[in-house]
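Following: one structure in C-alpha cells, then a few remarks.
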C-alpha cells in the first residue's frame, strides 16, 4: 500500500534525478580534448574491470577444475564461492559493457579509428547472420575447440553465457534449489569464460592504448554523431525484442536496452558539446536545437525507463514510442550535417 | 499513474526550459503532443489528465506572429480540446502534430519576410526533418545571403520548397510505417487515426507556403482510412499522388542522371576509402557515405514526379530501389564487402536505367549545371587524391588541374560576383591554400601525405559545397545584369586603362601610325573575342577545358610585348625629353628595323591586352548566360562596356592635357605597374596549370583585391618574379640612360673635336 502510494513520487524522483544528472556529466566537455578525456577515463575503468574479470574467470575455472569439470559437484560443494564469482563476473561485465562501453559506444562505434572495436566487442554479428558486420572473434578454448565468428564478445558471447541465454556455453543447473531448472538457470562454462575474459581484456588494453593515442578532431566527432545517432531506432527494436517480443532473443539480459540507448545517445550528446561552441558562433538557433534534441532524447528515454519499470506498456504504445524515437533521431541527423557544414573550415 | 506521469513530464519540461524562446516553446509543445499521442494510443485518454499538456499547447499560440499560422493552430487545437474519446483524441492529436509543422514553416517564412534572420533560423531549426533531409543548402543560403534584400524572394522560395520536400517525405515515411503496422496486424484504430490524421495534415500545405514555393494547387484532404491493410494501402497511394511535384522537366532529367552518376561513384570512393573492413582514406569513405545519402535524397525529391510519370515502375520496383539503397547504406556503414557495394550499385543503376528509363545522355537546355559539375569536380578530386596517395604526383596534378578548370568556369565564375571571398578561398584551396593549410597544388608539390593530404582535399570539397549551396539560390535578372557588369568591369578596366594611357602618350602626327596599330590590335582582339564567344557556344564547348592553358600562353605573350613596350617607353622618354638631337643621328637602317618592331609591338599590345581579358570574359559570360539568361547578361555586358569605355575616354582626355613629358612618366609608371601585374598573374596561371611549382608563404595574408588588381599572391614565386620584372625595368632604364649619356658624350666630343679641328682649306694642289 505504502509502495503504491509512494510509487509516483519515486518515479518522479527518478525522472528528476535522471534529468538533473544528465547535465553535469556533459557539462565538463567543452572541446574535442574533453571527448578524449571522457573516453580515456571510461575505457580505463573498463580495462580495470576486464582484468578483474580475468581473475574472476580463473578463480571460477579453478573451482570447476578442482572437481574435474563436474559442475554439479562443484556447485554442491562450493555454492557460496561459485555464486559470488558468477555475481562478480556479472558485475564486472556490467562495468565493462553496460556502464562502461555503452557510455562511450557513440564514440567508439562512430570514430573511424575505433570502429573495429565496436564490431568485435559490441556490434558484430555471427557469420551465420550474413556476410555483413561479422565480428572477427575466434576464441580458442583450452580443450582446443574454437568459438569461431559466433558474434561479438559482449552481446553474443559473454552476456548470454553469464545470464544463461546461450545453451552451447552454459551448464543448466538448479541454482535456487527449488528442484526445477528454470529456462536460464545455469552456470557458465569455465573454458568459455576463460577464453572470453582473456580475449576481451586484451582488446580493451588495445582500445585504451588507441584511445590515449587518439588525436580527436571536430570532423571525427561529427562523423561519429552522424553514424551513431540513427542507431537509436535499431536499439529500440532490440529493446522491443528483448522485453516484449513473444520470442525472446537470448540477449540483453544484463540491463535493459534502454540503459544502452541512454549510454549511446549520451556519448553522442557529449561529442556534440565538443563542437557546440563552433556551431553556436555561426548559428545559435541550430546549436540550441541540436542540444535540445539530445536532451529531448534523454528525457524521452527516461520516460520510457519509467514506463518500463512501471510494468505494463501496450504494443500500440511501444509502436508509438518507436515512431517517436525515430522522429527524434531523424531530425537530429540532418541537423548535425548542417552543423558539420558550419564547423568545417577552409 | 500515467496521468501523473503526464503532469510530471510537462511540469519538468517547463521547469527545465530556462529562458523560453521559440525553440523551447516548440520543444515543449512537441513533448506535450507526444505525451498526448501515447495517452490516446494507449487508450488512457481523459480530458482531465490531458489538461496540463493541453494548456502547454494553448500557450504556444502566444509565440505565433503569422495570422495564418495562428488561425490554423487555434482551429485544430479547439478540435483537440473537444475530443471525447481515445480514437477521437488520437485523430485530433495527429492532426495537430501535422499542423504544428505547417505552423512552424509559416512562422519561418513570416520571420524571413520581415527580415528577422535569427527568428527565421529558430523557426527553421524547430521543424521536424526526415532522416535524409537535404537541409545544408538552405542553412548556407541563410548563412551567406543573410538579409540581402535582392535575394529575399529567392531564399523564401528555397526555404518553402525545402519544407515541402521535408514534410512530403515525412508523410510518405510515416504512411509506409503505418502500412507496415497494418501488415503486421498491429494497426489499432487509435494508431491509424493518429498517424493518418497527422499525415493528412502534413500534406495540407498552407496556401502561403505553396505560394512562396511557387507551387500551384493544393492537395485535397483525404478521409482517414479504416484500420485494414487494403484501406491503408489505397489511402497511401492517393495521398502520395497528391504530393506537390516541385521539379521541372529539366530538373527531373538532371536529377535522374545525377542519381545514376552517384551510384557509379559510390563503389569507386568506397574502394579507395576502405580496405579489409578498415577505413584507410577517411575522405574517400565519407564521400561514399555522402554520395549514398545524396542519392537517397534525390529519390525522395523525384518520387512525387515519378508517381505521375513512372507510376507503374514505381509501384513494381520502388521497394527494390529503397531496399537496395538501404543495403548500400548499411554495407557502407559496417565497412562491408566491396563486392556487395559494387553489385548493389550496379543493380540499382540497371534498375533505374532499364525500369525507370533513365539515360545518362545529357538532354534539355543544359541549364542549372552546378550540381552535376560539382559532382564531376568531386570525382576528379577524388581520383586526384587516390593518385596522390599512390605516389602518382603528376597524374594527381593533372586531375587537380582538370577539376580546377571545371570549377573555375562553371562555378567560380558564378560565385565570384556573389561572394568574392568564398570564390577566392575556393580558388586558393586548389592552389596555394590559406592560413588553414596548404592548397592542393602546394600539397602535391610538397609531396604531402596522410592526414595533411586528406585535409587539403577536404578543404577544397568544403569550399565546393559552400559554393554549390550559394548557387542553389536562383539569380534574379537584376543580379545577373550586375554580375555581367562586374565581370566586364573587373576584366576590362585594366586593359582599357593601359590602352588609353598609351594612346594618349602616342599623340602628335608623328605617332599616328603607332596609334593606328594599337587601335588595330585592340579591334582585332574584340573581334577575336566575339568569335571565341560564338565558337565556345556552338562548336568548341570543350575549349573551356583549356581555358587556363590558353590564358597562360596569351599572358606570356602579353608579358613579352609589355617588356618591348617598356623598353620603347624608356627610349622614347630619353630620346624625346633628354636629347632630341640624337634623333637626327639615328642610323637610318637601324631606325627602319626599329620601326618595324615598334609597329608589331604596338599592334601586339593592343591585341593581347584586350584579348587576354576578352577571352576570359567570354568564357565567364557563357556560364552566366546559361544561368541567368541572355537578355539580362547582355544588359550587364553593355553597361560594363559603357563604363570602361567612359573610363578609357576620361583617361585618354586627361592624358592629352598633360605635358608630353609628364604623360610619358605617367605612362611609364602605368606600364611598369601593369607589367608587374601581368607577371604576377602569369606566374599564378603557370602555377595553376602546373608549369611552375608553388611555394606558399605561410602566415602571409594578402587581401583579395591585391590579387585581382595587382597580381600579388602570397607565394615566393608570385612575389619574386614581379620584383625581377621591376629589376629588369630599372636595369633597362639605367642601360638606356648610360647608353644615351655615352652617345651624348660621344656626340659632344665629336662636336667639340669638329669645332676644334681646323677648317679644310681650298685645294691648293694644281
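Residue numbers (our numbering), protein chains in the order written: chain A, 8 to 353; chain B, 101 to 866. Ideal Cβ placement from N, Cα and C applies to all residues, glycine included.
May I ask you to report which of helix, strand or coil DSSP gives residue i?
| i | result |
| --- | --- |
| residue 870 of chain B | Residue 870 of chain B cannot be examined here, being either before or after the span of chain B that is shown, 101 to 866. |
| residue 283 of chain A | helix |
| residue 334 of chain B | helix |
| residue 482 of chain B | helix |
| residue 289 of chain B | helix |
| residue 403 of chain B | helix |
| residue 181 of chain A | coil |
| residue 718 of chain B | helix |
| residue 375 of chain B | strand |
| residue 815 of chain B | strand |
| residue 214 of chain B | coil |
| residue 796 of chain B | strand |
| residue 345 of chain B | coil |
| residue 132 of chain A | strand |
| residue 538 of chain B | strand |
| residue 533 of chain B | strand |
| residue 236 of chain B | helix |
What is the C-beta distance between residue i and residue j, in whole angstroms, given that I count them as a contact (C-beta under 8 Å)?
| i | j | result |
| --- | --- | --- |
| residue 755 of chain B | residue 600 of chain B | 7 Å |
| residue 278 of chain A | residue 68 of chain A | Between residue 68 of chain A and residue 278 of chain A the Cβ distance is about 39 Å, and since that is not below 8 Å, they are no contact. |
| residue 777 of chain B | residue 746 of chain B | The pair is not a contact, with the Cβ atoms about 22 Å apart (cut-off 8 Å). |
| residue 405 of chain B | residue 347 of chain B | 5 Å |
| residue 343 of chain A | residue 271 of chain A | 15 Å between Cβ atoms; not a contact. |
| residue 296 of chain A | residue 225 of chain B | 4 Å |
| residue 89 of chain A | residue 82 of chain A | 6 Å |
| residue 345 of chain B | residue 408 of chain B | 6 Å |
| residue 242 of chain B | residue 221 of chain B | 6 Å |
| residue 710 of chain B | residue 613 of chain B | Not quite, the Cβ-Cβ distance comes to about 19 Å (not below 8 Å), so this is no contact. |
Are there 16 or more other CB atoms within 10 angstroms of the CB of residue i, so buried, or fewer, so exposed?
| i | result |
| --- | --- |
| residue 268 of chain A | buried |
| residue 328 of chain A | buried |
| residue 183 of chain A | exposed |
| residue 157 of chain B | buried |
| residue 835 of chain B | exposed |
| residue 310 of chain A | buried |
| residue 706 of chain B | buried |
| residue 105 of chain A | buried |
| residue 635 of chain B | exposed |
| residue 547 of chain B | exposed |
| residue 850 of chain B | exposed |
| residue 769 of chain B | exposed |
| residue 863 of chain B | Note that residue 863 of chain B has pLDDT 47, beneath the 50 cutoff, so the model's placement of it is unreliable and no number is given. |
Hey, could you find the ends of the beta strand (DSSP E) residue i is sitting in?
| i | result |
| --- | --- |
| residue 195 of chain A | 193-195 |
| residue 147 of chain A | 145-147 |
| residue 276 of chain B | Run containing residue 276 of chain B: none in the beta strand (DSSP E); it sits in the alpha helix (DSSP H), 252-283. |
| residue 153 of chain A | 153-155 |
Check whether the Cβ of residue i lies closer than 7 Å to any heavy atom of the ligand SAM, and answer yes or no.
| i | result |
| --- | --- |
| residue 305 of chain A | You won't find the ligand SAM in this model; it holds no ligand whatsoever. |
Just curious, the alpha helix (DSSP H) that residue i is in, first and last residue?
| i | result |
| --- | --- |
| residue 73 of chain B | Examination of residue 73 of chain B is not possible in this model, given that chain B is present from 101 through 866 alone. |
| residue 325 of chain A | 322-350 |
| residue 128 of chain B | 122-141 |
| residue 54 of chain A | 39-73 |
| residue 233 of chain A | 225-235 |
| residue 115 of chain A | 109-117 |
> Can at least three beta-carbon pairs, one atom from the region 285-293 of chain B and one from the region 189-196 of chain B, be found at a separation below 8 Å?
Replying inline: yes
> Okay, do the region 159-169 of chain A and the region 110-122 of chain A touch, 3+ Cβ pairs below 8 Å being the bar?
Replying inline: no
>> Between the region 138-148 of chain A and the region 168-180 of chain A, can you find at least three pairs of beta-carbon atoms closer than 8 Å?
In response: no
>> Three or more C-beta pairs under 8 Å: does that hold for the region 162-178 of chain B against the region 258-272 of chain B?
In response: No, the region 162-178 of chain B does not touch the region 258-272 of chain B.
> Which of the residues in the region 202-232 of chain B, read from start to end, lie with their CB under 9 Å from any CB of chain D?
Replying inline: Looking at the structure shown, chain D is missing, and the protein chains on hand are A and B.
>> Contact between the region 297-309 of chain B and the region 364-376 of chain B is defined here as three or more beta-carbon pairs at a separation below 8 Å; is this criterion met?
In response: no
> Hey, is the region 32-51 of chain A in contact with the region 216-228 of chain A, meaning 3+ C-beta pairs nearer than 8 Å?
Replying inline: A contact exists between the region 32-51 of chain A and the region 216-228 of chain A.
> Do the region 486-494 of chain B and the region 519-535 of chain B touch if we need at least three Cβ pairs shorter than 8 Å?
Replying inline: No, the region 486-494 of chain B does not touch the region 519-535 of chain B.
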